[in-house]
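Chains as they are written, first to last, in my numbering: chain A, 1 to 185; chain B, 186 to 370.
For each residue, glycine too, the CB sits at the ideal point set by N, CA and C.
Everything numeric in this text was worked out from a predicted model, so none of it was measured.
Note sheet for the following structure.
Number of protein chains: 2
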Amino acid sequence: MIRINKELLDYFNDLYVLQTFNFVEKESFSVGNFLIHQNKKGNDIFIIKTGITKCFVNEENGRDFIQEFFGEGEILGEIEIFTETLSFSNVIALTDVTAYKIDKKNFYKLLDTNKDLNLIIIRALATKIRDTAIRTSQQQVHPLDYNLKRLLRLISDQKINFSKQDLADYLGITLRSLNRSLKKS
Amino acid sequence: MIRINKELLDYFNDLYVLQTFNFVEKESFSVGNFLIHQNKKGNDIFIIKTGITKCFVNEENGRDFIQEFFGEGEILGEIEIFTETLSFSNVIALTDVTAYKIDKKNFYKLLDTNKDLNLIIIRALATKIRDTAIRTSQQQVHPLDYNLKRLLRLISDQKINFSKQDLADYLGITLRSLNRSLKKS
DNA sequence: CGCGTAATTGAAAAGTATCAACACTGGTGG
DNA sequence: CCACCAGTGTTGATACTTTTCAATTACGCG
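Right under this line is the structure:
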């Protein structure tokens, strides 16, 4: 449930360490800070180096829906850049986070000069589509208890503690329903 | 709700007509035929030239969830190729469909030699992610009546008639619930 | 016409949301 | 040191929504 992308992480670690491309910056975010704001224009992409983030959409009715949790090596902000649209989601640091940052112009330059990276990005996007599609179809089609059991299994593998509200938002249900289902099982 | 991708369509139309790349085939599918089978290995990507397809996941409990309807210029089967996994969904022809087809090896060759195409594919994937994310969060967070009203508005723009079952599967609800909600409004 | 598929509807059961009250925790300031 | 507060978590009662099951009607086509 916390996605990582070792391939991308390695790539940007090298890029940064070897200084083969001088436009990669490193930036830090404390717990609770936003990396990306919904409905704002984004001019940078981030590659998470350490830490965990939460990507969520805030709907007009006040409820949040968590798209996914992103960890090491995951890329953020690329959708906005490629589709030339405003951000459709927020990204917030759940732990302290460090991330590589590149602005739009230089990211395109990097893609233009490094053929390898094109395929790596394509794979990253394809994986995002696949994971998201699988998760959303399962959540839509199965009852809460079933989804929660699966989620609890996934969580037990992680070191981080998720708040109950985040779990509810991830499942697309209310906190009350989450607690009831937890009680039953 | 029926996604199209003019950029990709133009690209492959040219490729086919100008014969600049000889490994693009054209294939036809009649209504109800499968372009892609869930849990099967796929070795080709398709670009829809004409017609409309339905991409849906069949869950073990028998229910279907419709990921999306794809029309002209949309690419199919690319996720399986890029992530090197079995198909996670079915794709079926809702109308008669014609599509360009390229096998994995030649698709990679094409990507390798045509830099333009890399960015076009990246944009296509990014758009898929964005559209899917926006739709699923709205469906999870809003009540049925709200979602149905939005959907009906989208449908009215299309020439094709969707079955009630498909609409229900698209919304992730039962046919009975769809009918009740339709009655009310 | 007759058959199969799609669409409609009712009634009861199951699942979720809403509202509201209360418990626990870790600060912060008097 | 304690009172207070804000954030998080828990629980009950009730209303509402959706599913399940089942029966019936409408429609297209050989």
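Under DSSP, the beta-bridge partners assigned to Asp229(B) are Asp288(B).
For secondary structure counted as the beta strand (DSSP E) over 3 or more consecutive residues, the segment 112–150 of chain A holds no complete run.
With respect to the C-alpha of Gln140(A), the residue from Asn114(A), Tyr170(A) and Lys128(A) having the closest C-alpha is Tyr170(A). Look at the segment 248–260 of chain B: the residues with a C-beta under 7 Å from a C-beta of chain A are Arg248, Phe250 and Gln252. For Phe267(B), no beta strand (DSSP E) segment is defined; the enclosing uninterrupted segment is the alpha helix (DSSP H) at Glu263 to Thr268. Residue pairing by DSSP places Arg3(A) opposite Phe70(A) in a beta bridge. Contact between the segment 240–252 of chain B and the segment 188–206 of chain B is not established, with fewer than three Cβ pairs separated by less than 8 Å.
By the Cβ neighbour-count rule, Asn43(A) is exposed, with fewer than 16 other Cβ atoms within 10 Å of its own. Under the 8 Å Cβ criterion, the segment 355–364 of chain B does not count as touching the segment 79–86 of chain A, having fewer than three qualifying pairs. Residue contact with chain B for Val91(A): absent (no Cβ-Cβ distance below 7 Å to any residue of chain B). Phe231(B) is positioned such that its CB atom lies no closer than 7 Å to that of Lys289(B). Residue contact with chain A for Lys313(B): present (Cβ-Cβ distance below 7 Å to some residue of chain A).
Classified as exposed, Glu212(B) has fewer than 16 neighbouring CB atoms from the shown chains inside 10 Å of its CB.
Contact between Asn5(A) and Gln38(A) fails: their C-beta atoms lie close to 23 Å from each other, not under 8 Å. C-alpha of Ile92(A) to C-alpha of Thr321(B): approximately 20 Å in a straight line. Contacts between Leu125(A) and chain B, judged by CB atoms closer than 7 Å, involve Ile307, Leu310, Ala311 and Ile314 in chain order.
With the rule of 3 Cβ pairs closer than 8 Å, the segment 117–133 of chain A counts as touching the segment 244–264 of chain B.
In the structure shown, Asp342(B) falls within a coil segment according to DSSP collapsed to helix, strand and coil. For Asn179(A), the enclosing alpha helix (DSSP H) has its first and last residue at Leu175 to Lys184. Residue state for Asn198(B) is assigned as helix, using DSSP reduced to three classes. According to the DSSP assignment, Leu352(B) belongs to the alpha helix (DSSP H) that extends over Lys349 to Leu356.
In this structure Ile2(A) touches Phe69(A) by the C-beta definition: roughly 4 Å separates them, less than 8 Å. Bounds of any beta strand (DSSP E) do not take in Thr20(A), whose DSSP letter is neither H nor E. Residues of the segment 140–161 of chain A with a C-beta atom less than 8 Å from some C-beta of chain B are Gln140, Val141 and His142, listed in chain order. Around Phe88(A), the beta-carbon contacts reaching into chain B at under 9 Å are Arg315, Ala318, Ile319 and Ser322. Residues of the same chain with a CB within less than 6 Å of the CB of Ser215(B), apart from the 5 flanking positions on each side, are Asp281 in chain order.
At a cut-off of 7 Å between beta-carbon atoms, Gly357(B) makes contact with chain A.
Taking a contact as a CB-CB distance under 8 Å, the pair Glu257(B) and Ile233(B) counts as one, their CB atoms being some 6 Å apart. Of the candidates Lys334(B), Ile237(B), Leu339(B) and Asp301(B), Lys334(B) places its Cα closest to the Cα of Asn364(B). Look at Leu337(B) here: in three-state DSSP terms it is helix.
For the options Phe206(B), Asp342(B) and Ser362(B), the alpha carbon positioned closest to that of Gln350(B) is the one of Ser362(B). DSSP places Leu295(B) within a helical segment (H, G or I) once states are collapsed to three.
For Glu192(B), none of the residues of chain A pass the 8 Å Cβ criterion, the least Cβ distance being about 12 Å. In the three-state reduction of the DSSP assignment, Leu220(B) falls in the strand class, which pools E and B.
Rounded to whole angstroms, Phe34(A) and Ile129(A) show a C-alpha spacing of 23 Å.
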